[in-house]
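Each number in the working numbering comes from the position in the sequence shown (counting from 1) with 1 added on.
A virtual CB, placed ideally from N, CA and C, is assigned to each residue, including glycine.
For reference, the structure is listed below as structure tokens.
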Amino acid sequence: MNDSRQRQAGCVRRPVIRNDHLGRDGNTYEEDMRACFAETDNLKYMITVYEADTDKVDVLQRQLLATVDPGEIEELQREIDTWTARCPSAGGTLKDRIRNLESRTWNDSTKNTQVLSVKSVFKDSLTRYQNAEAAFRHT
């Protein structure tokens with residue numbers, strides 16, 4: 002059958018559209034990869050912020066242990082309470098974001114390698130914070 006007869010008969014060949022180069026959200030693999038790397042970069046930055054916050058708590062706790070002035074002790078304790086309230090919240094948010102990203106990248110070894118690296122850095126930061134808190138409580 003030629004093209005005009007195929008059209009008249011309603012059996013025009015349609016091109017096959019392949020979407021195997023698209024990610025789950027419709028982006029190309031390259032766009033999806035860039036988005037994943039951008040998210041891991043943001044997580045790395047947020048982990049450095051988290052580490053700075055935990056370092057601040059550690060410094061305040063050391064100052065508290067070295068202070069004898071009741072007024073200064075009270076002020077330092079308020080600051081410590083404020084900062085220690087922030088750390089678990091930020092840690093929980095980071096943990097959730099890493100888990101979410103991990104669940105979306107488990108089947109792509111390149112992306113998953115990046116996520117596992119971020120996860121490892123975060124675990125180290127979390128362990129360091131928990132050890133500092135435990136040491137402070139035992140003094």
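Simplified DSSP state of residue i, which is helix, strand or coil
i: Thr55; result: helix
i: Thr83; result: helix
i: Thr68; result: coil
i: Thr106; result: helix
i: Thr1; result: A question about residue 1 goes unanswered here, because the residues of the chain that appear run from 2 up to 140.
i: Thr114; result: helix
i: Thr94; result: helix
Under 8 Å between C-beta atoms of residue i and residue j
i: Ile48; j: Ser126; result: yes
Nearest-angstrom Cβ-Cβ length linking residue i and residue j, presumed shorter than 8 Å
i: Leu102; j: Val116; result: 5 Å
i: Gln78; j: Leu66; result: About 11 Å separates the two Cβ atoms, so there is no contact after all.
i: Leu61; j: Glu80; result: 5 Å
Buried versus exposed, by CB contacts within 10 Å (16 or more), residue i
i: Val58; result: buried
i: Gly92; result: buried
i: Lys124; result: exposed
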